[in-house]
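Student: So that we are looking at the same thing, I have put the structure below in structure tokens.
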Amino acid sequence: MIRKSGITLLLVEDNPGDARLLREMLDEHDADPIELINVTSMSQAEEHLAGNSVDIILLDLGLPDAHGLEAIRRAHAAAPRVPLVVLTGLDDEVLAAQSLQEGAQDYLIKGQIEARSLRRSLRYSVERKIMEEALFAEKERALVTLNSIGEAVVCTDIAGNITFLNLVAEKMTGWPLQEAAGRPMIEVFRTWDPRSTEPTETTVELAILQIRAVHLPPSCILIRRDGLEIPIEDSIAPIHDREGNAIGAVIVFRDVSVAQAMARQMTHSAEHDFLTGLPNRMLLNDRIRQAIASAHRHKKQIAVLFLDLDGFKHINDSLGHPIGDKLLQSIGKRLMATVRGADTVSRQGGDEFVVLLTDLSLPEDAVLMAARILRTVAVSHSVDQHDLHVTTSIGVSVYPDDGQDPETLIKNADTAMYQAKENGRQSYQFFKPAMNARAVERQSIEESLRRALERQEFAVHYQPKICMRTGIITGAEALIRWTHPTRGSISPAQFIPVAEDCGLIVSIGRWVLRQACAQAREWQRAGLPAITMAVNVSAMEFQDEAFLPGLLQILEEARLEASSLELELTESALMKRVESTATILRTLKQSGVQIAVDDFGTGYSSLSYLRKFPIDSLKIDQSFVRHIGKAADDAAIVTAVISMARSLKLRVVAEGVETLKELEFLKAHQCDEAQGYYFSRPVPPQQFADFLKAGISHEARLALCGIDSDAENVDMSGQRLSTAASH
114 MIRKSGITLL LVEDNPGDAR LLREMLDEHD ADPIELINVT SMSQAEEHLA GNSVDIILLD
174 LGLPDAHGLE AIRRAHAAAP RVPLVVLTGL DDEVLAAQSL QEGAQDYLIK GQIEARSLRR
234 SLRYSVERKI MEEALFAEKE RALVTLNSIG EAVVCTDIAG NITFLNLVAE KMTGWPLQEA
294 AGRPMIEVFR TWDPRSTEPT ETTVELAILQ IRAVHLPPSC ILIRRDGLEI PIEDSIAPIH
354 DREGNAIGAV IVFRDVSVAQ AMARQMTHSA EHDFLTGLPN RMLLNDRIRQ AIASAHRHKK
414 QIAVLFLDLD GFKHINDSLG HPIGDKLLQS IGKRLMATVR GADTVSRQGG DEFVVLLTDL
474 SLPEDAVLMA ARILRTVAVS HSVDQHDLHV TTSIGVSVYP DDGQDPETLI KNADTAMYQA
534 KENGRQSYQF FKPAMNARAV ERQSIEESLR RALERQEFAV HYQPKICMRT GIITGAEALI
594 RWTHPTRGSI SPAQFIPVAE DCGLIVSIGR WVLRQACAQA REWQRAGLPA ITMAVNVSAM
654 EFQDEAFLPG LLQILEEARL EASSLELELT ESALMKRVES TATILRTLKQ SGVQIAVDDF
714 GTGYSSLSYL RKFPIDSLKI DQSFVRHIGK AADDAAIVTA VISMARSLKL RVVAEGVETL
774 KELEFLKAHQ CDEAQGYYFS RPVPPQQFAD FLKAGISHEA RLALCGIDSD AENVDMSGQR
834 LSTAASH
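Numbers 114 to 840, taken from our numbering, label the letters of the sequence shown in order.
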């Protein structure tokens, strides 16, 4: 009788006649079959609803166990989401209204019911309940959504009174919805624009009157209920009815205090150095442009001071970057305390600072400030229980004589700074046009260096190391030489620093290492006396990730025993990244490669690293050897180094031996090996091979054997080479 697609009706009616009449009415049409289930009491209805679902309840309000509104309430409690139509024998409008208020969908009076109206009432009640449920779900979804978003939402009616606040709006305004509802918007949503005299409340009126969305002023401030001010931004839009008439407004806004703070921070970060907080290059250039404009108007001058720290690299390499960073911060604070309020101190990166001096009457005014800065920086800096000492070299350029724009003034001050360093450091130097020639020269060298390898302009010469006890040649130091196609021979003192600055030293060093290893193996095949080949390695090469595997590959390609190779590293190179340095040195030692500390005594001299690293020998810097017999302090240093090396079982090599007096002193103090012009200058491979066959000169052999000789400066022909600039 009943199709599955029909409606299931629970009839709660204790009068059999009324129940039969209602069933007959419902059976008159087959269009919408209805399954009717009849119970005669509220208790039976509650029991049925507890275990079964129905589509609608037709409820008599005069049941034996429930009457009137009580019956409605019990039915709703048993099935709160099922539509309810009530039956009564009373034509009572008050009761009908109360029934609808309690949740009934419709109200039917017995004796006035006909089949068509009964079916229509049931169908409409079911549909209305479905729409109510859908509307409730949609409303609940909207409410949850509004309370879940990060933006505040406030709604008003056409009169501007509050109708809704989501949770974010409650928090931002300080008003709970219960208290805010019905209040004027200007009382709950109080705003002002600090850049305008126009009240921002008029924006809401505009949104409603113009029937379009409008934005709050970008600088709008929300005043919370407790008086706290919050910067906000976003928009106000009207709410329309079906006919398009404005019936209220919705205000969507958000707290932009964090965004504004972040924007300010980003702007500050873009213009300031992250380490010191000082203006960076971009902000400095802007301030120099402003200072130039002001100086031009007022017939004044400005000065740009370019500072480069002397000795910072040594501290940074030996004590570590954290100490170096704190030292830079200390210097930044010192400089800020030294200059005037109108001046600018900028960090350019690394250990370089620039000071802008404005409103100068004479260039000489910059002299006083430069001298003050020299004194200020030189005072000891206390950093993490270290008393650190650095100095600075300063280059000075002056507007308008030395440049008309920031770039030129900074470049010329930088050029003058390099001249100050060449003059002995811890000094200042004003820019002179002739200095540009040296800068151009440096740039020319760099450009030529980039092509020198592929054009095969480099060569390797070799300088012998002599055993002080036997006079036998024990080793050779590989030293690079460059012959430019048009400029001729260029000293290593000129091009090695440039190669280090521009990074070419890595590829050049690899080439020297390959050439030296191949040459050592060639001498071995020729049956010449066995020697150790020493190759200088810069800090940049040593820290390169490809250095260790590249070196081992070169040894393999040359078929040279690792024990025939000695690497010479400066103290500063060893002290960079101490842990990784120790690992690399251990690997080299295990392979058989020997390690020597070059220029010992000029850098971070410390017994701790001599014990920590697997070092074979120390090379006494030639600056100490050169003053043997002239300066008692230098002679004492040489003696101390030899004694210390012996206690640590390290071999000692003296560099730059040029005179018999130096040789005799070193031999008397039991120095192991020596090299220098006294024996031979660096020579090409064939000449060195001849030297290996013949041995050292007769005069040198006599000196080493302790026999008097008048020979002084025996082999001093050719230009003297500085080990500091050799490779």
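All C-beta atoms in this analysis are idealised placements derived from N, C-alpha and C, irrespective of residue type, glycine included.
Pick from Ile345, Leu448 and Leu592: whose alpha carbon is nearest that of leucine 680?
Tutor: Ranking Ile345, Leu448 and Leu592 by Cα distance to leucine 680 puts Leu592 first.
Student: Which ranges does the alpha helix (DSSP H) cover as unbroken runs of at least 4 residues, wholly within the segment 124 to 211, from first to last along the chain?
Tutor: Within the segment 124 to 211, the complete alpha helix (DSSP H) runs of at least 4 residues are 129 to 140, 155 to 164 and 181 to 191.
Student: Can you have a look at leucine 397 and say buried or exposed, based on whether 16 or more other CB atoms are within 10 angstroms of its CB?
Tutor: That one is buried.
Student: Could you check whether the Cβ of glutamate 535 sits closer than 8 Å to any Cβ belonging to chain D?
Tutor: Looking at the structure shown, chain D is missing, and only one protein chain is on hand.
Student: What does the Cβ neighbour count give for serine 506, buried or exposed, with the cut at 16 atoms within 10 Å?
Tutor: Buried: at least 16 other Cβ atoms inside 10 Å.
Student: Which residue comes first and which comes last in the beta strand (DSSP E) that contains tyrosine 531?
Tutor: First-last for tyrosine 531: 519 to 535, but that is the alpha helix (DSSP H), not the beta strand (DSSP E).
Student: For aspartate 472 and valine 511, what's the separation of their Cα atoms in angstroms?
Tutor: Going by the C-alpha atoms only, they are around 11 Å apart.
Student: Let me check understanding here. Comparing Cα to Cα, which of Trp636, Arg623 and Asp131 lies closest to glutamate 654?
Tutor: Ranking Trp636, Arg623 and Asp131 by Cα distance to glutamate 654 puts Arg623 first.
Student: Give the secondary structure of alanine 265 by DSSP, where H, G and I count as helix, E and B as strand, and everything else as coil.
Tutor: Residue state, collapsed to three classes: strand.
Student: Relative to the C-alpha of threonine 71, which candidate in Gly584, Leu617, Ile708 and Ala565 has its C-alpha closest?
Tutor: Any property of residue 71 remains undetermined from this structure, which presents the chain solely from 114 to 840.
Student: Does DSSP put asparagine 358 in a helix, a strand or coil?
Tutor: Looking at asparagine 358 - three-state DSSP - the assignment turns out to be coil, as it is neither helix nor strand.
Student: State the start and end residues of the unbroken alpha helix (DSSP H) segment that holds glutamine 632.
Tutor: 618 to 638 is the span of the alpha helix (DSSP H), which, as asked, contains glutamine 632.
Student: Thinking C-beta only, is alanine 629 closer than 8 Å to glycine 588?
Tutor: No, they are not a contact pair.
Student: Which whole-angstrom value describes the C-beta separation of histidine 499 and leucine 432, a residue pair presumed to lie in contact below a C-beta threshold of 8 Å?
Tutor: About 7 Å separates the two Cβ atoms, so the contact holds.
Student: Return helix, strand or coil for glutamate 654, following the three-state DSSP convention.
Tutor: Glutamate 654: helix per DSSP, three-state reduction.
Student: According to DSSP, simplified to helix, strand and coil, what is leucine 122?
Tutor: Here leucine 122 sits in strand by DSSP.
Student: Can you give me the start and stop residues for the alpha helix (DSSP H) that alanine 802 sits inside?
Tutor: Where alanine 802 is concerned, the enclosing alpha helix (DSSP H) stretches over 798 to 807.
Student: Since leucine 562 contacts alanine 612 with CB under 8 Å, what's their CB separation in whole angstroms?
Tutor: Confirmed, about 6 Å.
Student: By the three-class DSSP mapping on this structure, what secondary structure does serine 493 have?
Tutor: Here serine 493 sits in coil by DSSP.
Student: List the endpoints of the continuous beta strand (DSSP E) containing glycine 649.
Tutor: It should be pointed out that residue 649 corresponds to asparagine in this sequence rather than to glycine. Element bounds for asparagine 649: 645 to 649.
Student: I'd like to check one pair, glutamate 126 with arginine 194: are the Cβ atoms closer than 8 Å?
Tutor: No, these two residues do not count as a Cβ contact at 8 Å.
Student: Evaluate arginine 410 with the Cβ neighbour count: other Cβ atoms within 10 Å of its Cβ, from every protein chain shown; 16 or more gives buried, anything less gives exposed.
Tutor: Classification of arginine 410: exposed, given that the 10 Å Cβ count is below 16.
Student: How many angstroms separate the CA atom of alanine 633 from the CA atom of arginine 627?
Tutor: Rounded to whole angstroms, alanine 633 to arginine 627 spans 10 Å at the Cα level.
Student: Spatial neighbours of isoleucine 405 within its chain, please: C-beta separation below 7 Å, excluding the five flanking residues on both sides.
Tutor: So the list reads Ile415 and Tyr512, once near-sequence residues are dropped.
Student: Pull the bridge partners of arginine 460 from the DSSP assignment, please.
Tutor: Paired residue(s): Phe466.
Student: Should serine 212 and isoleucine 185 be called a contact, given that it needs their Cβ atoms to be closer than 8 Å?
Tutor: Result yes, Cβ atoms of serine 212 and isoleucine 185 sit closer than 8 Å.
Student: Find the nearest neighbour of glutamate 215 within the set Ala188, Ile222 and Ala758, judged by alpha-carbon distance.
Tutor: The option with the nearest alpha carbon to glutamate 215 is Ala188.
Student: Do phenylalanine 366 and isoleucine 334 have their CB atoms nearer than 8 Å?
Tutor: Their beta carbons are not under 8 Å apart, which means phenylalanine 366 does not touch isoleucine 334 by this criterion.
Student: When you compare the CB positions of glutamine 191 and glutamate 240, do they come within less than 8 Å of one another, or not?
Tutor: For the record, residue 191 in the displayed sequence is alanine; it is not glutamine. No. Outside cutoff.
Student: What is the rounded straight-line gap between the Cα of threonine 451 and the Cα of glutamine 442?
Tutor: Near 14 Å, if we compare the C-alpha coordinates of glutamine 442 and threonine 451.
Student: Please report how far the alpha carbon of alanine 845 lies from the alpha carbon of valine 363, in whole angstroms.
Tutor: As displayed, the chain neither begins before 114 nor continues past 840, which places residue 845 out of reach and without an answer.
Student: Just to confirm the assignment, what range does the alpha helix (DSSP H) spanning glutamine 378 have?
Tutor: Run containing glutamine 378: 370 to 384, per the alpha helix (DSSP H) assignment.
Student: By how many angstroms is the C-alpha of valine 509 removed from the C-alpha of leucine 418?
Tutor: One C-alpha to the other measures close to 5 Å.
Student: Compute the Euclidean distance between the alpha carbons of threonine 121 and asparagine 274, then round it to the nearest angstrom.
Tutor: Going from the Cα of threonine 121 to the Cα of asparagine 274 covers about 46 Å.
Student: Mark alanine 787 as exposed unless 16 or more other C-beta atoms lie within 10 angstroms of its C-beta, in which case mark it buried.
Tutor: Buried, since its Cβ has 16 or more Cβ neighbours within 10 Å.
Student: Find out if the Cβ-Cβ distance for the pair lysine 439, aspartate 497 is shorter than 8 Å.
Tutor: In this structure, aspartate 497 lies closer than 8 Å to lysine 439 by Cβ.
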